[in-house]
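Trainee: The structure is given below, and queries will be raised subsequently.
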Amino acid sequence: MPVPTHFDVEHLCGHSLTHDLSDKRADERAGFARWLGRRPCTDCWRAAKDAESETPEHRATRHAAKHAEARAWSKDQHLPPLEGSDSQIGFGEVIRRKMLTAAYQALVLDGQMSETDWEQVEDRARGVGLARWWLDNKELDPELLPELLEAAGEDDRGCENPAI
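Printed below as a string of structure tokens:
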């Protein structure tokens, strides 16, 4: 008697479907059918995925709000505008804010750095004007920020003259 190729599967969502598993090896079919039963059917899976995904317009609006918030924070902290493409600048400002606030938390509030020493870190951060630098270093430990800022080269500082 041959191993069946079609299996009736009751999915997690409650839908019952017949699946053609002829493309699976004979010894894999029963296990795969059980696995399918622990998942929603394809239609329900797609519907859930579509409901979770946001539209490009919504994503753009959310990013614009984050960028505006980071820009306002940068102004409050007397940080100069970043240089780069529009996309780099927007995300760079968000990353710069995250890095500086995380470093302040780790070094000053939770660590041993004094406020005076932190002001020197902020001064160095004001000197790094390329959004690319902040994006390139975004995944590093916040406690490394003082060392990273000290190592930043002239190429990372940006241009003093915004007209160039």
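For the sequence shown, our numbering begins at 38 and goes up steadily by one.
Glycine included, each C-beta is placed from N, C-alpha and C at the ideal position.
Small disclaimer: the values here were computed from a predicted structure and weren't measured.
1) Would a C-beta distance cut-off of 8 angstroms place G74 and V40 closer than the cut-off?
2) Quick one: what does DSSP say E120 is sitting in, helix, strand or coil?
3) Where do the ends of the beta strand (DSSP E) carrying V46 lie?
4) Sorted by chain position, which residues of the same chain lie with C-beta nearer than 8 angstroms to W155's C-beta, five sequence neighbours on each side aside?
5) To the nearest angstrom, report how far apart R161 and A97 are at their CA atoms.
6) Just confirm the distance between the C-beta atoms of E106 and L119, as a whole number of angstroms; I'd bet it's less than 8 angstroms.
7) By Cβ distance below 7 angstroms, which residues in the same chain neighbour D80 in space, the five residues on each side in sequence not counted?
8) Kindly list the residues whose CB is nearer than 6 angstroms to the CB of G68, restricted to its own chain and excluding five residues on each side of it in sequence; keep chain order.
9) Kindly indicate which three-state DSSP category W171 falls into: helix, strand or coil?
10) Assuming Q114 and L172 make a contact with CB atoms under 8 angstroms, what is their CB distance in whole Å?
11) Determine the DSSP secondary structure at D60, reduced to helix, strand or coil.
12) Suppose you measure from the CA of Q157 to the CA of H95; what does that come to, to the nearest Å?
13) Less than 7 angstroms separating the Cβ of H115 from some heavy atom of the ligand HEM?
14) Work out the CA separation of H56 and A70 for me, nearest whole Å.
15) Does L58 pass the burial test, meaning 16 or more other C-beta atoms within 10 Å, or should it be called exposed?
Mentor: In short:
1) no
2) For E120, the three-state secondary structure derived from DSSP is strand.
3) 43-47
4) Y141, L144, V145, listed in sequence order.
5) Across the structure, R161 and A97 are spaced so that their CA atoms are roughly 31 angstroms apart.
6) Approximately 15 angstroms separates the beta-carbon atoms of E106 and L119; this is outside 8 angstroms, ruling out the contact.
7) none
8) none
9) In this structure, W171 counts as helix in the three-state DSSP scheme.
10) That pair is no contact at about 19 angstroms.
11) coil
12) 39 angstroms
13) What this structure holds is no ligand at all, so the ligand HEM is not there to describe.
14) 8 angstroms
15) Looking at its Cβ environment, which holds 16 or more other Cβ atoms inside 10 Å, L58 is buried.
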